[in-house]
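> Numbering (the numbering used here), first residue to last: 28 to 225.
Idealized CB from N, CA, C, for every residue including glycine.
#1: Rounded to a whole number of angstroms, what is the C-alpha to C-alpha distance between residue 33 and residue 194?
#2: Use the C-beta contact count for residue 161: other C-beta atoms within 10 angstroms, 16 or more gives buried, fewer gives exposed.
#3: From residue 120 to residue 91, what does the alpha carbon distance come to, in whole angstroms?
#4: If we ignore side chains and look at the alpha-carbon of each, how far apart do residue 149 and residue 139 end up?
#5: Any contact between the stretch 191 to 207 and the stretch 45 to 60? By contact I mean 3 or more CB pairs, one from each, below 8 Å.
#6: With respect to the beta strand (DSSP E) encompassing residue 46, which residues constitute its N-terminal and C-terminal limits?
#7: Does residue 153 pass the burial test, meaning 16 or more other C-beta atoms within 10 Å, or should it be called exposed?
#8: Just the C-alpha distance for residue 29 and residue 129, rounded to the nearest angstrom, thanks.
#9: Would DSSP call residue 146 helix, strand or coil?
#10: Assuming residue 185 contacts residue 164 under a Cβ cut-off of 8 Å, what Cβ separation, rounded to an integer in Å, is found between them?
#11: Tell me where the alpha helix (DSSP H) around residue 88 begins and ends.
#12: Should residue 100 be labelled buried (16 or more other beta-carbon atoms within 10 Å of its own) or exposed?
#13: Taking the alpha carbon of residue 155 as the point to measure from, which residue in 200, 133 and 183 has its own alpha carbon closest?
#14: Secondary structure at residue 167, three-state DSSP: helix, strand or coil?
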């Protein structure tokens with residue numbers, strides 16, 4: 028019996044913890060590549076949008092010619108996973124956007140930036156995620172939360188009464204950073220999502 032071919036998954040490498048996501052994806056049996064240009068985006072089966080600063084990611088995506096190609100691929104059904112700022116970039120609406128801030132869209136949700144507080148209020152917490160048998164250790168760094176979701180969005184996790192993980196079709200997003208913990212189960216879930224679409 029032939030071994031299934033590992034999916035090729037990119038990590039948007041404009042800002043944020045790119046290396047940690049590449050390591051987590053490789054541990055989850057994907058071929059992981061950084062993506063900085065439209066031609067690199069065209070070669071991947073799925074994409075991770077890492078944390079960082081959502082306003083900066085928005086500006087750099089425009090500068091590198093990735094904003095429209097990314098919107099088109101996401102709208103066309105490419106599997107995508109966003110963490111922290113990546114969650115903001117997948118939102119159809121931001122409650123308190125910075126001037127000129129744009130998103131890629133893809134999930135029918137409204138998000139609040141920096142909702143869990145400033146950098147010095149960062150924390151770790153166990154998060155119970157639907158479909159994963161034991162809690163995932165979540166690292167929350169200036170993390171957003173999801174204020175509300177549309178009818179097509181599945182809420183996967185809450186923390187302190189706030190939505191922190193969602194899925195809509197082929198798009199997955201978490202407020203927290205699983206790539207910083209050594210627990211690769213959410214990356215494994217995403218790799219399985221990508222594999223199912225190939």
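With the given structure in hand:
#1: 22 Å
#2: So residue 161 ends up on the exposed side.
#3: Approximately 23 Å, taken between the alpha carbons.
#4: A straight line joining the alpha-carbon of residue 149 with that of residue 139 spans about 16 Å.
#5: yes
#6: Note, residue 46: premise wrong, no beta strand (DSSP E); alpha helix (DSSP H) at 45 to 54.
#7: exposed
#8: For residue 29, the predicted structure reports a pLDDT of 49, less than 50, and the residue's modelled location is therefore unreliable. A value from the coordinates is still provided. Cα-Cα distance, rounded: 43 Å.
#9: helix
#10: Wrong, their Cβ atoms sit about 16 Å apart, outside the cutoff.
#11: Per DSSP, residue 88 is one residue of the alpha helix (DSSP H) stretching across 81 to 90.
#12: buried
#13: Nearest C-alpha to residue 155: 183.
#14: strand
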